[in-house]
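*Asks:* Sharing a structure, written as structure tokens. Questions coming.
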Amino acid sequence: MIRFAAVVALVTLSAAACTGPLPERSTGPSGPAYDPATDPLVNPPTLTEPYPFDRPEVVARDDTLVRYMLGDPRTLNPIFAIFWEDYYLSGALFQALTTRNADMTTVWNQTMVEEGVMADDWKSARVRIRPGLTWHDGRPWTMHDLKFTYDMVASDDVPAAMYKHDVDQVERIDVIDDLTVEFHFKDALVTNMLAMRVPPIPRHIWNNPEELANDPTMRSSEYFNHYAREEVIGSGPFRFVSWTQTDKIVVERWDDFPDAARVAPFKRVIYRPQSDRNLGLLLFKKGELDEYWFTPQQFATQSNDEEFERFGVKGWAPARRISRIGWNQDGSNPFFTDVRVRRAMTHAYDQKRVIRDVTYGVYLETDQLWDKDHMGYNPDVPKYPFDLERAGELLDEAGWLPDPDDGWRYKEIDGEKVKFSFELELSQTFDDAVKMADIYREDLRSIGVELTLRQFENATHEQHLLEHEFQAHADADEVTTDPDQWTIRLHSTSYDNARNYVGYKSDRVDDLLERGRREFDPEARAAIYRELAYVVAEDQPFTMMWNYSEIRAFSKRLRGVEFAPSGVFLFQPTPPPGSDWWTSPGWWTHRDDVAAYASGG
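What follows is the structure, given as structure tokens:
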């Protein structure tokens, strides 16, 4: 039985009670999809104009950048980052030994690392950081900070779900001196480089024995919340200034950053949270935001007026990010342990219509974990196209039969007549999924299945996922270059204290994931993950909703924006694929544009 906190505001949208046969589904609106290629405001040349290294004097180095966020982060302690809002600031305020290139491959963070050497057998790595690194409060940044952070993430008391998987690969960390450390890994894994991505936190702040004894989670006490919300000490290119809940988070350029020439040239960055997307677009049209994340409807139909054109342009590019419905298979509900039911749920999902009518043709179709350019993509995975008749047949086979009196499907379980009525949970900011659910609910209703939608604020939604207290949920995933990322979603050992929220369990998938981590030959490794894609498609632990595209509004004065598989949302500049490090500071503004923009010119 799912427990829902009574104090949490929620939206409940369910099909009305009905009697007799259920009605036929409507076909919905039709018509030509919006095409960003024909939109004159999309991707103008000025938006991607590179940083002018040959004339740096034209760059406005004291400009303020105002960024949009869907909502407040839960915390600014980076080890607890889990949602996009958390990551927005993690990269600005903190650093790690490794980072990701534009194509999402893992490389040494050359701002910090003077020398990084992975052993030939990939079972150890020796890393030396540059001398003189400090935290924002001036205290030395040492490898003792790093070891402390890894110890905390490894603790069963600390709910650092995103990084547990990385730390689990580490057998031990030997601190040689303040600047040097040796990682010893449990196995020779191709993912060991990625395991060094955990962003360290300052030991002199967080290693407080009295506070740790009172709050071993590092998340509840007044002391820990103070340093996660009010006095955040990091070591990234920007330093924390203030956080006013639901209003703004302010950071400013840290002039002592060791690689200041590679930092976006803004004196101050303000993050404005706004969960109401209509208000978000209004703020942009009023010139109060420099960047905004559109809904598909806004991108296609609400951003070509004079009010928008006065201040903004639009950016569009395919993204490595998917959205999916996860079916809880851990036995806590009577529906989704049966693969026939999960396949039926996918057959009942009209992806083409959703992409046309909900995303205005801006997003793309997908039927598996990876996009077509990914090493793990398998064009031959089993397909479950929209087919309500086939969905009904599968439900019949699974014992969920329509009642001739009311049309709903029922199954007798332990002597009780159980109605096929399930709850789909999502966060309060997932607007597109709400519109998707309207279509999905109608189609499911036509075959006798009742869907109830529940929305929760992000922290509550996250807690439900971690505790597996849901029946189905809709969420999104950034898809990285290394397919091992799906270990935390699919491996049976990731059910507790990780992100296998749906309780998926497959010995074959576990084996493929383990083999993939140990295979260093790129072609052989790709073959493993193509097989994985096939098996997961057979099992349908997820119903794929769509593949995202980047759809952003940018101030007309912004330049240097780069689109890559990693997208643009992390803000840090993205170099061309194959580059070892940043090729430019990324976003910038021309000093002549600042005054013109301020006057609406």
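Counting along the sequence shown from 1, when you hit position 569 you're at 559 in this note's numbering, and nothing is skipped either side.
For glycine and all other residues, C-beta sits at the position ideal for the given N, C-alpha and C.
1. Given this structure, state the Cα-to-Cα distance separating Pro11 from Tyr400, to the nearest angstrom.
2. Leaving aside the five residues before and after Arg608 along the sequence, list all residues of the same chain whose C-beta is less than 6 Å from its C-beta, in chain order.
3. Which same chain residues end up closer than 6 Å to Gly273 when comparing Cβ atoms and leaving out the 5 residues on each side of it in sequence?
4. Select from Ala71, Arg310, Lys342 the residue whose C-alpha is nearest the C-alpha of Asp363.
5. What residues match up with Thr124 in a beta bridge as DSSP calls it?
6. Taking Arg229 as the reference, give the member of Arg333, Ser80, Leu169, Ala178 with the closest Cα.
7. Which same chain residues end up closer than 8 Å to Leu0 when comparing Cβ atoms and leaving out the 5 residues on each side of it in sequence?
8. Relative to the alpha-carbon of Asn197, which residue among Arg505, Lys304, Val143 has its alpha-carbon at the smallest distance?
9. For Ala334 and Leu384, which I take to be in contact (beta-carbon distance under 8 Å), what is that distance rounded to the nearest angstrom?
10. Put Val352 into one of helix, strand or coil per three-state DSSP.
11. Pick helix, strand or coil for Tyr77, following the three-state DSSP scheme.
12. Out of Val584, Trp577, Asp582, which one is the CA nearest neighbour of Ala254?
13. Taking 8 Å as the limit between beta carbons, can you name the residues of its chain near Val32, skipping five residues before and five after?
14. How long is the line joining the alpha carbons of Leu354 and Val344, rounded to whole angstroms?
15. Taking 8 Å as the threshold, find out whether the stretch 448 to 455 comes into contact with the stretch 63 to 75 through three or more Cβ pairs.
16. Does the stretch 322 to 336 come within contact of the stretch 503 to 514, defined as at least 3 CB pairs closer than 8 Å?
17. Rounding to the nearest angstrom, what Cα-Cα distance links Met102 and Phe532 in this structure?
18. Hey, quick one: how far does the beta strand (DSSP E) through Lys257 stretch, first residue to last?
19. Who are the Cβ neighbours of Leu455 in its own chain at under 7 Å, not counting the five residues just before and after it?
20. Could you please give me the residues that DSSP links to Asn537 through a beta bridge?
21. Within the chosen definition, does the stretch 72 to 88 reach the stretch 217 to 227 through at least 3 CB pairs nearer than 8 Å?
22. Counting pairs of beta carbons, one from the stretch 150 to 162 and one from the stretch 175 to 192, are three or more of them closer than 8 Å?
23. CA-CA distance, Arg435 and Trp398?
24. Can you have a look at Ser210 and say buried or exposed, based on whether 16 or more other CB atoms are within 10 angstroms of its CB?
25. Measure the CB-CB distance between Leu184 and Asp472 and report whether it falls below 9 Å.
26. I'd like to confirm the pairing. Which residues does DSSP put opposite Met108 in its beta bridges?
27. For Leu359, does the three-state DSSP call read helix, strand or coil?
28. Suppose you measure from the CA of Ala543 to the CA of Val117; what does that come to, to the nearest Å?
29. Can you name, in chain order, every residue of its own chain whose Cβ lies under 6 Å from the Cβ of Pro308, other than the five neighbours on each side?
30. Can you tell me the Cα-Cα spacing of Thr96 and Arg520, whole angstroms?
31. Would you call the CB atoms of Val352 and Tyr140 closer than 9 Å?
32. Identify the continuous alpha helix (DSSP H) that holds Lys275 and give its terminal residues.
33. Give the DSSP-derived three-state secondary structure of Leu455 in the structure shown.
34. Ignore the nearest five residues each way along the sequence and tell me which others in Tyr367's own chain have a CB closer than 8 Å to its CB.
35. Following the continuous alpha helix (DSSP H) through Lys425, name the residue where it begins and the one where it ends.
36. Here's the rule I'm using: 16 or more other beta-carbon atoms within 10 Å means buried, otherwise exposed. How should Lys275 be labelled?
*Replies:* With the structure as the only source:
1. Working through the sequence shown from its first residue, we reach residue 11 at position 21. Working through the sequence shown from its first residue, we reach residue 400 at position 410. Here the model assigns Pro11 a pLDDT of 49, short of 50, so the residue's position is not dependable and the matter cannot be decided.
2. Residue 608 cannot be examined here, being either before or after the span of the chain that is shown, -9 to 591.
3. The count along the sequence shown starts at 1 and reaches residue 273 at position 283. Strictly speaking, residue 273 in this sequence is Leu, with Gly absent from that position. The beta carbon of Leu273 sits closer than 6 Å to those of Leu279, all from its chain and outside the five residues before and after it, given in chain order.
4. For the purposes of this step, residue 363 is identified with residue 373 of the sequence shown, where counting begins at 1. Taking each of Ala71, Arg310, Lys342 in turn and checking the Cα distance to Asp363, the smallest one comes out for Arg310.
5. Translated into positions along the sequence shown, residue 124 becomes position 134. Beta-bridge annotation (DSSP): Thr124 is paired with Pro130.
6. As a first step, residue 229 is located in the sequence shown; it is residue number 239 there, counting from the start. Arg229 has its Cα closest to that of Ser80, out of Arg333, Ser80, Leu169, Ala178.
7. Counting from one through the sequence shown, the residue named residue 0 turns up at place 10. For Leu0, the pLDDT reaches just 34, beneath the cut-off of 50, and the residue's location in the model is therefore unreliable, although a value from the coordinates is still provided. Closer than 8 Å at Cβ, skipping near neighbours: Phe(-6), Arg444, Gln445, Phe446.
8. Here residue 197 refers to the residue found at position 207 of the sequence shown. The shortest C-alpha separation from Asn197 is found at Val143.
9. If you number the sequence shown from 1, residue 334 lands on position 344. If you number the sequence shown from 1, residue 384 lands on position 394. With 8 Å as the limit, Ala334 and Leu384 qualify as a contact, their Cβ atoms being about 4 Å apart.
10. Mapped onto the sequence shown, residue 352 falls at position 362. Assigned with DSSP and collapsed to three states, Val352 falls in coil, not helix or strand.
11. Working through the sequence shown from its first residue, we reach residue 77 at position 87. Helix, per DSSP.
12. Within the sequence shown, the letter at position 264 stands for residue 254. Nearest option by C-alpha distance: Trp577.
13. Here residue 32 is taken as the residue at index 42 of the sequence shown, counted from 1. Contacts found: Pro26, Val303, Lys304, Gly305, Trp306.
14. As a working note, residue 354 is residue 364 in the sequence shown. As a working note, residue 344 is residue 354 in the sequence shown. Straight-line Cα distance between these residues: approximately 10 Å.
15. Pairwise C-beta distances place the stretch 448 to 455 in contact with the stretch 63 to 75, as three or more of them are shorter than 8 Å.
16. Between the stretch 322 to 336 and the stretch 503 to 514, the count of C-beta pairs closer than 8 Å stays below three; the two stretches do not touch.
17. Position 112 of the sequence shown, counted from the start, is the residue given in the question as residue 102. Position 542 of the sequence shown, counted from the start, is the residue given in the question as residue 532. C-alpha of Met102 to C-alpha of Phe532: approximately 39 Å in a straight line.
18. In the sequence shown, counting from the first residue as 1, residue 257 sits at position 267. Note, Lys257: beta strand (DSSP E), 256 to 263.
19. For the purposes of this step, residue 455 is identified with residue 465 of the sequence shown, where counting begins at 1. Closer than 7 Å at the Cβ level, and outside the excluded window around Leu455, lie His463, Tyr491.
20. Taking the sequence shown and counting its residues from 1, the one referred to as residue 537 is at position 547. According to DSSP, Asn537 bridges with Ile312, Leu354.
21. Because the criterion of three Cβ pairs below 8 Å is met, the stretch 72 to 88 and the stretch 217 to 227 touch.
22. Three or more pairs of CB atoms, one per stretch, sit closer than 8 Å, so the stretch 150 to 162 contacts the stretch 175 to 192.
23. Working through the sequence shown from its first residue, we reach residue 435 at position 445. Working through the sequence shown from its first residue, we reach residue 398 at position 408. If I take the Cα positions, the gap works out to 8 Å.
24. Stepping through the sequence shown from its first residue, residue 210 is reached at position 220. Counting the other Cβ atoms within 10 Å of the Cβ of Ser210 gives fewer than 16, which makes it exposed.
25. Translated into positions along the sequence shown, residue 184 becomes position 194. Translated into positions along the sequence shown, residue 472 becomes position 482. Cβ distance < 9 Å, so Leu184 and Asp472 count as in contact.
26. Working through the sequence shown from its first residue, we reach residue 108 at position 118. DSSP output for Met108 lists Ala115 as bridge partner(s).
27. For this step, residue 359 is matched to residue 369 along the sequence shown. DSSP places Leu359 in the coil class of the three-state scheme, outside both helix and strand.
28. Numbered from its first residue, the sequence shown carries residue 543 at position 553. Numbered from its first residue, the sequence shown carries residue 117 at position 127. One C-alpha to the other measures close to 40 Å.
29. The residue labelled residue 308 in the question sits at position 318 within the sequence shown. Non-local C-beta neighbours of Pro308 in its own chain, meaning closer than 6 Å and more than five positions away in sequence, comprise Ser539, ordered along the chain.
30. As a first step, residue 96 is located in the sequence shown; it is residue number 106 there, counting from the start. As a first step, residue 520 is located in the sequence shown; it is residue number 530 there, counting from the start. Straight across, the Cα-Cα distance linking Thr96 with Arg520 is about 21 Å.
31. Walking along the sequence shown from the start, residue 352 turns up at place 362. Walking along the sequence shown from the start, residue 140 turns up at place 150. Not in contact: Val352 and Tyr140 (Cβ atoms no closer than 9 Å).
32. Taking the sequence shown and counting its residues from 1, one reaches residue 275 at position 285. Here the alpha helix (DSSP H) through Lys275 covers 267 to 275.
33. In the sequence shown, residue 455 corresponds to position 465, counting from 1. Helix at Leu455.
34. Indexing the sequence shown from 1 puts residue 367 at position 377. Excluding residues up to 5 positions away in sequence, Gln358, Trp360, Asp361, Arg520, Ala523 lie with their Cβ nearer than 8 Å to the Cβ of Tyr367 in the same chain.
35. The sequence position of residue 425 within the sequence shown is 435, counting from 1. First-last of the alpha helix (DSSP H) with Lys425: 421 to 436.
36. By one-based count along the sequence shown, residue 275 stands at place 285. With 16 or more other CB atoms across the displayed protein chains lying within 10 angstroms of its CB, Lys275 is buried.
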